[in-house]
Each structure stands twice: as structure tokens, then as C-alpha cells.
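Encoded as C-alpha cells, the structure appears first; notes follow it.
Laid out in C-alpha cells, this is it:
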């Protein structure tokens with residue numbers, strides 16, 4: 003049986019920030035998310051620049067607000083990239099207005115990253 007596939011929401015976590023609308027605005031304004039690496043010592047590395055996802059402290063408008071995303075205790079158990087995936091998936095589901103409650107709807111829901 004073939005079931006229809008529908009894209010109803012999108013989410014983004016990128017060096018330009020978090021959130022489809024804000025990141026799109028920054029893209030069309032030709033902004034760059036590339037900058038000096040400030041999260042760890044890069045002295046021994048040949049490269050000191052990268053595209054890092056900004057935190058809410060670094061970018062109050064579009065930075066990743068991990069405290070509002072997942073409980074601090076739970077956050078310590080997951081990798082940073084998992085946190086990024088959760089943030090993007092949550093935005094996509096919110097955009098779609100889709101909050102499945104029953105097993106059938108939950109099993110029919112997917113996020114593609």
C-alpha cells in the first residue's frame with residue numbers, strides 16, 4: 003500500500019542561527035555564519051574558523067536556546083548534534099501544527115534530517 007507523503011513543516015539549526023524564517027532572512031541579506039572558533043583552544047590546529055551554531059547567549063535573536071528545548075539533566079545525556087536534531091524536528095512539528103497524541107498518529111509521523 004502506498005501512502006501519501008506530505009511535508010508540512012521545516013526546521014533548521016545552522017551557523018546562521020535557528021529557525022527557518024530568521025535563517026532565510028540572513029541568507030538573503032548575504033550574512034555569513036562563519037567565524038573564529040571560540041568554544042575550544044585552536045592553537046594547535048591549522049584552521050581557527052568554522053561555522054558553529056550560535057547559542058542564545060551569542061545570538062539572542064536566533065541562537066539555540068537549549069534550556070527551553072530539553073531539561074538540563076537530560077541534555078547532559080545526549081550529544082550536541084542530537085540536540086540540534088531535536089531543535090530542528092521540534093520547529094518542523096510546530097510549523098506543521100502537528101502534535102500527535104495517539105499511537106497511530108505517532109507511528110505515522112516522521113522527521114527527515
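Residue numbers (the working numbering): 3 to 115.
No residue lacks a Cβ here, since even glycine has one placed at the ideal position from N, Cα and C.
Asked                                                                                                : Found
Check whether residue 54 and residue 40 have beta carbons under 9 Å apart                            : yes
Per-residue burial, residue 99 [other beta carbons within 10 Å of its own, 16 or more giving buried] : exposed
Euclidean distance between Cα positions of residue 65 and residue 86                                 : 11 Å
Beta-carbon proximity check, residue 94 vs residue 37, cutoff 9 Å                                    : no
Alpha helix (DSSP H) segment containing residue 89, residue limits                                   : 82-98
Where the beta strand (DSSP E) containing residue 36 begins and where it ends                        : 36-38
7 Å Cβ shell around residue 113 - same chain, five flanking residues per side excluded               : 91 and 94
Beta-carbon spacing of residue 89, residue 68 below 9 Å                                              : yes
Where residue 15 sits in the DSSP three-state scheme                                                 : strand
Extent of the continuous beta strand (DSSP E) to which residue 2 belongs                             : The question about residue 2 has no answer here: the residues shown for the chain are numbered 3 through 115.
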